[in-house]
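Q: Counting in the working numbering, the sequence shown runs from 7 upward without gaps.
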Amino acid sequence: MIADLPRVYFTGDRNEFPIFLYHIMDALSEIRGTFPTVKAQINWIVRHFRYPKGKVSMEDNPFSCKWWIGLLEKNARAQDLPISHTVSTDDKYVLPELASGQAFIAHLKESFGCLDPSEAPRKALHACKQRDQDIQQYNLVFNSLVYAVDLTENERCDIYEEGLDVLLLTTAIKHTGWREAKTLKDKQDLARSAAYIQHKLAQLEPETQNPELQKDQTPEELPNQSI
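1) CB-CB under 7 angstroms to L131, same chain, minus the five flanking residues each way: which ones, in chain order?
2) Report the residue from N81, R38, E22, Q139 whose alpha carbon sits nearest the alpha carbon of R56.
3) When the Cα of D138 is compared with those of N49, A201, L207, G39, which residue comes out closest?
4) Between the C-alpha atoms of T43 and A126, what's the straight-line distance to the nearest angstrom?
5) Closer than 6 angstroms by C-beta to F41: which residues in its own chain qualify, once you throw out the five before and the five after it? Chain order, please.
6) Any heavy atom of the ligand GTP closer than 6 angstroms to the CB of Y166?
7) Can the beta-carbon of V204 be found less than 7 angstroms from the beta-carbon of T177?
8) Would you report the Cα separation of L78 and L146, rounded to the nearest angstrom?
9) Please go through the same chain and pick out, in chain order, the residues whose beta-carbon is closer than 7 angstroms to the beta-carbon of H113, but skip the five residues on each side of it.
10) Starting from the N-terminal side, write out each stretch of the alpha helix (DSSP H) that is 4 residues or longer and does not extend beyond the segment 110-158.
Structure (structure tokens):
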């Protein structure tokens, strides 16, 4: 039996599905040819229908497991097996959605994927804001989302600007060629420059506010000289 992926799980929560599918497809690209039968490949995928590691409940199976049992029940009815028959993975798979690994994955997508595949990435992108992240981290997160959505370069730049910290954006507009930048890469480079400018200005502020430093910088008064 081919070992399952220890850190991969799917409870039936649609929010989990994209990353679950990614890990399954990534693994299948390497091990697909090692399954002895189509059924073995499908059953391997199904073994990941579970709670995260450490959370196991026989009394309260995850919805993904219940969904799978329902599919096995449908498969049994297609073979005219009696209701009293206890379904299992030993049953012959006759449904079209169980005809191959690809067919099963397509059925998973129909059941748990977004109705509009671009909806979730678009929402995640528009929710991406810098907030308390440093600019390097924000750029990394933004870039992980922006290219999953069909956008023009101008739209990418506009959404990026909307997510920037207001003070950082103000610094970028005042002290860099922000308005002339036309690509996302250029905007991100200038945002990093603006962050550096903010850092240097923050270092200068304590010096200008320190009375001792100001005293040291005041010219010494000339001593009174009697005439």
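Where a beta carbon is used, it is the ideal one built from N, C-alpha and C, also for glycine.
A: In brief:
1) L151, V152, V155, I165
2) When each option's Cα is compared against that of R56, the closest is E22.
3) A201
4) Whole-angstrom Cα-Cα distance: 34 angstroms.
5) Q47
6) Ligands displayed in this structure: none; no statement on the ligand GTP is therefore possible.
7) Note on residue identity: the sequence assigns Gln, not Val, to residue 204. Annotated as proximal: Q204 and T177, with beta-carbon spacing under 7 angstroms.
8) 43 angstroms
9) If you ignore the 5 residues before and after H113, its C-beta comes within less than 7 angstroms of the C-beta of E103, all in its own chain and listed in chain order.
10) Counting only runs of 4 or more residues that sit fully inside the segment 110-158, the alpha helix (DSSP H) segments are 125-132, 141-152, in chain order.
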